[in-house]
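Only one structure is covered here, and it is reproduced in the block below.
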Amino acid sequence: QACCRLQELTVDLHYEKFIVVPTRYIANNCEGPCRFPLSTRIPDYSSHTVLLMGMQERGAPLRRSPCCVPVKYSDKEIIRITTEGIQVTMFPNMVAEECGCR
Amino acid sequence: QACCRLQELTVDLHYEKFIVVPTRYIANNCEGPCRFPLSTRIPDYSSHTVLLMGMQERGAPLRRSPCCVPVKYSDKEIIRITTEGIQVTMFPNMVAEECGCR
Amino acid sequence: LSWNRSCIFYEHPHNLQGSMRHRGHVLGGAESSTILCNSSQCCFGIWNQSHGRLQAVMQGCWGSDRDGCDSPACKTSPIHTMGAILQRCLCHSDLCNANVSWLG
Amino acid sequence: LSWNRSCIFYEHPHNLQGSMRHRGHVLGGAESSTILCNSSQCCFGIWNQSHGRLQAVMQGCWGSDRDGCDSPACKTSPIHTMGAILQRCLCHSDLCNANVSWLG
Numbered sequence: 159q160a161c162c163r164l165q166e167l168t169v170d171l172h173y174e175k176f177i178v179v180p181t182r183y184i185a186n187n188c189e190g191p192c193r194f195p196l197s198t199r200i201p202d203y204s205s206h207t208v209l210l211m212g213m214q215e216r217g218a219p220l221r222r223s224p225c226c227v228p229v230k231y232s233d234k235e236i237i238r239i240t241t242e243g244i245q246v247t248m249f250p251n252m253v254a255e256e257c258g259c260r
Numbered sequence: 159q160a161c162c163r164l165q166e167l168t169v170d171l172h173y174e175k176f177i178v179v180p181t182r183y184i185a186n187n188c189e190g191p192c193r194f195p196l197s198t199r200i201p202d203y204s205s206h207t208v209l210l211m212g213m214q215e216r217g218a219p220l221r222r223s224p225c226c227v228p229v230k231y232s233d234k235e236i237i238r239i240t241t242e243g244i245q246v247t248m249f250p251n252m253v254a255e256e257c258g259c260r
Numbered sequence: 542l543s544w545n546r547s548c549i550f551y552e553h554p555h556n557l558q559g560s561m562r563h564r565g566h567v568l569g570g571a572e573s574s575t576i577l578c579n580s581s582q583c584c585f586g587i588w589n590q591s592h593g594r595l596q597a598v599m600q601g602c603w604g605s606d607r608d609g610c611d612s613p614a615c616k617t618s619p620i621h622t623m624g625a626i627l628q629r630c631l632c633h634s635d636l637c638n639a640n641v642s643w644l645g
Numbered sequence: 542l543s544w545n546r547s548c549i550f551y552e553h554p555h556n557l558q559g560s561m562r563h564r565g566h567v568l569g570g571a572e573s574s575t576i577l578c579n580s581s582q583c584c585f586g587i588w589n590q591s592h593g594r595l596q597a598v599m600q601g602c603w604g605s606d607r608d609g610c611d612s613p614a615c616k617t618s619p620i621h622t623m624g625a626i627l628q629r630c631l632c633h634s635d636l637c638n639a640n641v642s643w644l645g
């Protein structure tokens, strides 16, 4: 199985009651296991992650294993409805752009 | 069960061949489930996370569920050994300081 | 400019915060004009549906071709919110957002 | 200053990058001096072990009390790396890092 990496994921916004346009968009997701050696596989990891993974490798139990998550997002322009009317706005952190093990 | 939050975790550095001092430190970890409503439970989450969790609630399968991870780290001063000798250095991202659902 | 998508451009003067004008080059100064899109091939339209009639709220260029802009015609879907019914579409042919071609 | 932890301060002149001097106030200018710690109650020491002898490499204030500074005496643990054996300890009594009290 491949390591932690960005995968395309489309999110349906029909269920979001305040987003008028768009009705869907490509939000992406981060998927895949976090495994050694991180350095050659995943560009973004922290000393903290490396030390947690070292503990796991020695058999020390972790209550939360390192996880493949977005470490960089981009914004997205949406048109939403508010109590004030229709609003054009940049929504922050809408699209996963880079992944890392955290 | 409580939600995603910071928990104390001590990491043993005796196994790290290049860290001379300290031999252990409190690195912390982020633990607990990511569940709605995030706003009242977890200070740090993104629009992306909210939309992924919305998909899950509607029964749409995710290949990677939102995960409780460090979103802020602090550095730690260590003394390590390098090919040049003994070095005092600030190591980045050594201690988990804040958690979020990503 | 001949390769740019042309869309109808309209922004209702009331109850509107912000503008989609930055997504293209607006031709003419009339209330309803044409806009040449600068970053996509996609038009959008939003209408207020009330008593069986549709009133345009916003029309213009949408900034991305990847947000479900699959149809050449404006096939709307409704959103019931804040006591109103809005119809909205994305479409990818010239001036396709002038009128609703299929009401959702 | 009377409430500050006192530690031995020494930094070997060779093969050392950086300093732990910023963790306290160094008293006197001799090669081996005393330092009054400014942010912890913890002393540290690092020695090079070779042919059964220990040679000090660094001694001073450690910046945190939470890094396993549990013992009042300097009980070392060894680290075998880069072809050398280093002994290191943290301890929390005045001048406890002057000498190794228990060799690991």
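Protein chains in written order, with my numbering: chain H, 159 to 260; chain U, 159 to 260; chain B, 542 to 645; chain E, 542 to 645. Beta carbons are placed, not taken as given, at the ideal position from N, Cα and C, and that holds for glycine.
For a cutoff of 9 Å on Cβ pairs, would you count residue 238 of chain H as touching chain U? Walking along the first sequence from the start, residue 238 of chain H turns up at place 80. It does not; no Cβ of chain U falls within 9 Å.
So residue 260 of chain U and residue 228 of chain H are in contact, right, with Cβ under 8 Å, and what is the actual spacing, rounded? Taking the second sequence and counting its residues from 1, the one referred to as residue 260 of chain U is at position 102. Taking the first sequence and counting its residues from 1, the one referred to as residue 228 of chain H is at position 70. Yes, residue 260 of chain U and residue 228 of chain H are in contact; Cβ-Cβ is about 6 Å, under 8 Å.
Would you mind listing the beta strand (DSSP E) stretches within the segment 558–605 of chain B that are 3+ residues and don't spill past its ends, in chain order? Along the segment 558–605 of chain B, the beta strand (DSSP E) occurs as fully enclosed runs of 3 or more residues at 565–568, 574–578, 583–591, 594–603, listed in sequence order.
Sub-9 Å separation of residue 565 of chain E and residue 549 of chain E beta-carbons: Locating residue 565 of chain E in the fourth sequence gives position 24, counting from the first residue. Locating residue 549 of chain E in the fourth sequence gives position 8, counting from the first residue. Not closer than 9 Å, so no.
Secondary structure at residue 240 of chain H, three-state DSSP: helix, strand or coil? Position 82 of the first sequence, counted from the first residue, corresponds to residue 240 of chain H. Residue 240 of chain H falls in the strand class under three-state DSSP.
When the cut-off is 9 Å and only beta carbons count, does residue 217 of chain H lie next to chain U? Here the question's residue 217 of chain H lines up with position 59 in the first sequence. No, residue 217 of chain H does not count as interfacial toward chain U.
Identify whether residue 179 of chain U lies in helix, strand or coil by the three-state DSSP scheme. Mapped onto the second sequence, residue 179 of chain U falls at position 21. Three-state DSSP puts residue 179 of chain U in a strand.
State the CB to CB distance for the pair residue 628 of chain B and residue 590 of chain B, rounded to an integer number of angstroms; the pair is presumed to be in contact (CB under 8 Å). Your numbering for residue 628 of chain B matches position 87 in the third sequence. Your numbering for residue 590 of chain B matches position 49 in the third sequence. The pair is a contact, with the Cβ atoms about 5 Å apart (cut-off 8 Å).
Would residue 556 of chain E and residue 244 of chain U qualify as a contact pair, given that the criterion is a beta-carbon distance under 9 Å? If you number the fourth sequence from 1, residue 556 of chain E lands on position 15. If you number the second sequence from 1, residue 244 of chain U lands on position 86. Yes, the pair counts as a contact, with Cβ atoms nearer than the cut-off.
Determine the extent of the beta strand (DSSP E) in which residue 174 of chain U is found, giving its start and end residues. Sequence index remark: in the second sequence, residue 174 of chain U carries index 16 (1-based). Counting along the chain, residue 174 of chain U falls outside any beta strand (DSSP E), and DSSP gives it neither H nor E.
Opposite residue 552 of chain B in the DSSP bridges: which residues? By 1-based counting over the third sequence, the position of residue 552 of chain B is 11. Looking at the DSSP assignment, residue 552 of chain B forms a beta bridge with B/599.
Looking at C-alpha atoms only, which residue of E/621, E/641, E/635 is the closest neighbour of residue 172 of chain U? On the second sequence, residue 172 of chain U is found 14 positions in, with the first residue counted as 1. Residue 172 of chain U has its Cα closest to that of E/621, out of E/621, E/641, E/635.
Cα-Cα separation between residue 161 of chain U and residue 187 of chain U, rounded to whole angstroms: Indexing the second sequence from 1 puts residue 161 of chain U at position 3. Indexing the second sequence from 1 puts residue 187 of chain U at position 29. Straight-line Cα distance between these residues: approximately 13 Å.
Tell me whether residue 542 of chain E is buried or exposed, calling it buried when 16 or more other Cβ atoms sit within 10 Å of its Cβ. What you label residue 542 of chain E is simply residue 1 of the fourth sequence in a count that begins at 1. With a pLDDT of 45 at residue 542 of chain E, under the threshold of 50, the modelled position of this residue cannot be trusted, and the question is left open.
Tell me, to the nearest whole angstrom, how far the beta carbon of residue 266 of chain U is from that of residue 223 of chain H; I am working on the premise that it is less than 8 Å. With chain U covering only 159 through 260, there is no way to say anything about residue 266 of chain U.
Exposed or buried, which one is residue 195 of chain H when buried takes at least 16 other CB atoms within 10 Å? Here residue 195 of chain H refers to the residue found at position 37 when the first sequence is read from its first residue. Flag for residue 195 of chain H reads exposed.
Do residue 613 of chain E and residue 645 of chain E have their CB atoms nearer than 9 Å? Start at 1 with the first residue of the fourth sequence, and residue 613 of chain E comes out as number 72. Start at 1 with the first residue of the fourth sequence, and residue 645 of chain E comes out as number 104. No, the Cβ-Cβ distance between residue 613 of chain E and residue 645 of chain E is not below 9 Å.
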